[in-house]
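Novice: In our numbering, the protein residues as written are 35 to 149.
Built from N, CA and C at the ideal position, the CB exists for glycine as well.
#1: So, helix, strand or coil for residue 85, using DSSP?
#2: Of all the options 85, 71, 91, which has the alpha carbon lying nearest to the alpha carbon of residue 127?
#3: Grouping DSSP H, G and I as helix and E and B as strand, with all else coil, what is residue 68?
#4: Going by the CB atoms, is the gap between residue 143 and residue 76 shorter than 9 Å?
#5: What is the DSSP secondary structure of residue 132, counted as helix, strand or coil?
#6: For the beta strand (DSSP E) that contains residue 76, what are its first and last residues?
#7: State the beta-bridge partners of residue 31 as determined by DSSP.
#8: Report all residues from its chain with a CB closer than 8 Å to the CB of residue 113; omit the five preceding and five following residues, and keep chain order.
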């Protein structure tokens, strides 16, 4: 069957495979889990997720800033989050990822990444 003669229709048909590949990639999006920061605590303090998922920490305090530090991962640390701000990280590595607050090291939490 010959291709349509309309230049617009031909261009559209050439773009369909790329568009389908893009849409397929979007539909396999990760799950984003929420951890709230309030009253000098991470809520929940323990979170189980799947590899490839992300965690978003949101500062719900009224006046205090916080950060998220992973001491066992070379001290990887988020930027300081002020009230109303958040930070997100994707976890591809299975295992136990313990973290604490940079300015308040008594605040602790753990992300357990499973298959």
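Specialist: According to the structure shown:
#1: As a working note, residue 85 is residue 51 in the chain shown. Here residue 85 sits in coil by DSSP.
#2: Numbered from its first residue, the chain shown carries residue 127 at position 93. Out of 85, 71, 91, 85 has the C-alpha closest to the C-alpha of residue 127.
#3: The sequence position of residue 68 within the chain shown is 34, counting from 1. In this structure, residue 68 counts as strand in the three-state DSSP scheme.
#4: Taking the chain shown and counting its residues from 1, the one referred to as residue 76 is at position 42. Taking the chain shown and counting its residues from 1, the one referred to as residue 143 is at position 109. In this structure, residue 143 lies closer than 9 Å to residue 76 by Cβ.
#5: On the chain shown, position 98 is the one that residue 132 refers to. Here residue 132 sits in strand by DSSP.
#6: If you number the chain shown from 1, residue 76 lands on position 42. First-last of the beta strand (DSSP E) with residue 76: 75-77.
#7: Since the first and last residues shown for the chain are 35 and 149, residue 31 lies out of range.
#8: In the chain shown, the residue the question calls residue 113 occupies position 79. Around residue 113: 101, 121.
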